[in-house]
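In the numbering used here, the protein residues as written are 491 to 830. Where a beta carbon is used, it is the ideal one built from N, C-alpha and C, also for glycine. Inspection log for the structure reproduced underneath, given as structure tokens.
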Amino acid sequence: MPLLKLLDSKNGSLQHNAAFALYGLAENEDNVPDFIRVGGIKRLQDGEFIIQATKDCVAKTLKRLEEKIHGRVLNHLLYLMRVSDKAFQRRVALALAHLCSADDQRKIFIDHNGLELLIGLLGSSCPKQQLDGAVALCKLANKAMALSPVDAAPPSPTPQVYLGEQYVNNATLSDVTFLVEGKRFYAHRICLLASSDAFRAMFDGGYREKDARDIEIPNIRWEVFELMMRFIYTGSVDVTLEIAQDLLRAADQYLLEGLKRLCEYTIAQDVSVESVSSMYELSEAFNAISLRHTCILFILEHFDKLSAMPGHSHLIQSTIPEIRNYFVKTLTKGNSNIQA
């Protein structure tokens, strides 16, 4: 399409005239597949435009195209995404990721397999295709979260009875003692039994701790153990970044899901290009789902910066199965009420 070539012109007037002509073409819904076929959506999104009026015109053109993606046009694009050659299928999937309404995401990317086309780009050996796939998936995620927001804040305490702060490491009425780094920590079985399946198994099951008065804790530091117990007794605790990973490990060991979420939230605040790989491994090791999702979204959002980091290729390949799972769950959940 010659008009698209004129968008690359160094002449501001030529650029603007081309942009204005494309805006007119976008009014006819029959032109939408042609825009996609020749890579027009990408050219409009990535173009470097000299004057503000051209930028505004391009934004209006993309908005106009977005408004066409429904009914007959959407169904025709879904047909093309199914029967065309792989390159055009991917162009359609990329365009729809940017232009479709959040309400149609499940139909396009789950029911009509568009997600697999984007995942295929992400797993490509071509860096440009990888980046295109990541940007499109990031756009999908943002739309899905706008439709069905995920509360990123740490959870409120679960509705259960807590003994209270005054009983933390208090010998009064204590009927079990933990030995941590050679020091005694006084506790109460009734509180521990109510807190998690791990403690219920310890005291009600066939373990030797069932009748023991003193129970040795060999693998948790005193500071970490005290915070864990404070959470059990009060339902809340301040988790600092310095202790969050050790506390996450302890929370996972004793099946304290609320405490795990608090730790994940704290750790997630520190995710960076340098740390995302190790944080993702941490989330895998302790089944920290919220942290894992944070890492996935960070990887997609900062894909261009990550591509320059050592080990980038291994990180992407190792996260693809979880990226797929994340989008299947998110798009299915986010649109479940609409599809019903």
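**Asked** Quick one, are the C-beta atoms of S631 and L607 less than 9 Å apart?
**Response** The residue labelled residue 631 in the question sits at position 141 within the sequence shown. The residue labelled residue 607 in the question sits at position 117 within the sequence shown. Reading the sequence as shown, one finds Ala at residue 631 and not Ser. Not in contact: A631 and L607 (Cβ atoms no closer than 9 Å).
**Message:** Can you find the residues in the same chain that come closer than 7 Å, C-beta to C-beta, to V522, ignoring five residues on each side of it along the sequence?
**Reply:** As a first step, residue 522 must be located in the sequence shown, where it is residue number 32. Answer for V522: L555, K558, V563, listed in chain order.
**Item:** Reduced DSSP category for F599 - H, G, I as helix; E, B as strand; rest coil
**Value:** By 1-based counting over the sequence shown, the position of residue 599 is 109. In this structure, F599 counts as helix in the three-state DSSP scheme.
**Request:** Helix, strand or coil for R703, going by three-state DSSP, please let me know.
**Result:** Here residue 703 is taken as the residue at index 213 of the sequence shown, counted from 1. Residue state, collapsed to three classes: coil.
**Asked** For L745, which residues from the same chain have a beta carbon less than 8 Å from its beta carbon, with the 5 sequence-adjacent residues on both sides left out?
**Response** Against the sequence shown, residue 745 aligns to sequence position 255. If we look at L745 and ignore the five residues flanking it on each side, its Cβ neighbours are S686, D687, A688.
**Message:** Which same chain residues end up closer than 8 Å to V500 when comparing Cβ atoms and leaving out the 5 residues on each side of it in sequence?
**Reply:** Stepping through the sequence shown from its first residue, residue 500 is reached at position 10. Here residue 500 turns out to be Lys, not Val, going by the sequence shown. Its chain contains I540 as the residues whose beta carbon lies nearer than 8 Å to that of K500, once the 5 sequence neighbours on both sides are disregarded; these appear in chain order.
**Asked** Along the chain, where does the alpha helix (DSSP H) that runs through R562 open and close?
**Response** Position 72 of the sequence shown holds residue 562. From DSSP, the alpha helix (DSSP H) with R562 extends over 561-573.
**Prompt:** Taking the Cβ atom as the reference point for each residue, do I779 and L805 lie within a distance shorter than 9 Å?
**Reply:** Residue 779 sits at position 289 when you count from the first residue of the sequence shown. Residue 805 sits at position 315 when you count from the first residue of the sequence shown. Going by C-beta atoms, I779 is not nearer than 9 Å to L805.
**Message:** Once DSSP output is grouped into helix, strand and coil, what is the label at A830?
**Reply:** For the purposes of this step, residue 830 is identified with residue 340 of the sequence shown, where counting begins at 1. Only weak support exists for where A830 lies, its pLDDT of 34 falling under 50; the value from the coordinates is given anyway. Looking at A830 - three-state DSSP - the assignment turns out to be coil, as it is neither helix nor strand.
**Item:** Of the residues A677, L731, I705, L738, the one placed nearest Y723, counting alpha carbons only
**Value:** Position 233 of the sequence shown, counting from 1, holds the residue named residue 723. That would be A677, whose Cα lies nearest to the Cα of Y723.
**Item:** Validate contact between the segment 568-588 and the segment 792-802 using beta carbons, cut 8 Å, 3 pairs
**Value:** At 8 Å Cβ cutoff, the stretches do not touch.
**Asked** If you compare alpha carbons, which of A585, I810, D594, R679 is closest to G561?
**Response** One-based indexing of the sequence shown puts residue 561 at position 71. Checking every option, the nearest Cα to that of G561 belongs to D594.
**Asked** For the segment 566-574 against the segment 535-549, are there 3 or more C-beta pairs whose distance is under 8 Å?
**Response** no
**Message:** On the CB-based measure, 16 or more other CB atoms within 10 Å of its CB, does L767 come out buried or exposed?
**Reply:** Indexing the sequence shown from 1 puts residue 767 at position 277. Rather than Leu, the amino acid found at residue 767 in this sequence is Ser. Around the C-beta of S767, 16 or more other C-beta atoms lie within 10 Å, and the residue is accordingly described as buried.
**Prompt:** In three-state terms, what does DSSP make of Y770?
**Reply:** Taking the sequence shown and counting its residues from 1, one reaches residue 770 at position 280. DSSP places Y770 in helix when its eight states are reduced to three.
**Which of helix, strand or coil DSSP assigns to A677** = Position 187 of the sequence shown, counted from the start, is the residue given in the question as residue 677. Looking at A677 - three-state DSSP - the assignment turns out to be strand.
**Prompt:** Using the C-alpha atoms, what's the distance from A516 back to D524?
**Reply:** What you label residue 524 is simply residue 34 of the sequence shown in a count that begins at 1. What you label residue 516 is simply residue 26 of the sequence shown in a count that begins at 1. Their backbone Cα atoms lie some 10 Å apart in a straight line.
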